[in-house]
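If you're matching positions, the sequence shown starts at 126 in the working numbering and goes up one per residue.
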Amino acid sequence: MTSRRALVTGASGAIGSRLTTRLLNDGWTVRVLTRDEARLADFSWSGDVEVVEGDAASPETLTRAAADVDVAWFLIHSMTGTYDYAEEDRKIARAFGSACSTAGVARIVYLGGLLPEGELSEHLDSRRE
């Protein structure tokens, strides 16, 4: 049987690191997309994954990351105080979806959440879409 192939973005984060561990334990072949490969060194799984280093806003990086993947997890956000990160999140999510579609990825898992009633933080509001 051929191993299922996963792409995990945000693998160095709280959710992504645990997901990567779980996928590997379940027999998946895992590729991670990271801006800085050195940030993965402390994870027990760092030697067990394929790493694509690059910018998630780069179509070339996303094309390399999405190639030959069955399921892709989008667990990143673009929160910084220097620009409109909500718009940047939308652009990156669209580019990610486009790269995955072109590569024939069967499923994309997008990290969202339940939205409380009332006023939302700028970050939660950016995830409403």
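A virtual CB, placed ideally from N, CA and C, is assigned to each residue, including glycine. Since this is a predicted model, take the numbers as computed values, not measurements.
6 Å Cβ shell around residue i - same chain, five flanking residues per side excluded
i    : result
L236 : L200
R129 : W153, D195
T186 : G179, D180
Alpha carbon of residue i to alpha carbon of residue j, nearest angstrom
i    : j    : result
F221 : D195 : 14 Å
I233 : C225 : 8 Å
N150 : L144 : 10 Å
S171 : D209 : 32 Å
V176 : E244 : 38 Å
S137 : T159 : 8 Å
E213 : W198 : 18 Å
A218 : P184 : 11 Å
V230 : D161 : 24 Å
L165 : H202 : 18 Å
Proximity of residue i and residue j at Cβ, strictly below 8 Å
i    : j    : result
L148 : A191 : no
A181 : T134 : yes
Same chain only: Cβ atoms within 7 Å of residue i, ignoring 5 sequence neighbours per side
i    : result
V174 : T145, V155, R156, V157
Cutoff 8 Å; reference residue i; Cβ partners in own chain excluding five residues on either side
i    : result
T227 : T188, A191
List in chain order: all unbroken alpha helix (DSSP H) runs of 4+ residues lying wholly within the region 198 to 238. Within the region 198 to 238, the alpha helix (DSSP H) runs of at least 4 residues that lie entirely inside it are, in chain order, 210 to 228.
Whole beta strand (DSSP E) runs in the region 129 to 196 with 3 or more residues, listed along the chain? Runs of beta strand (DSSP E) with 3 or more residues, each lying fully within the region 129 to 196, are found at 130 to 134, 154 to 159, 175 to 178, listed in chain order.
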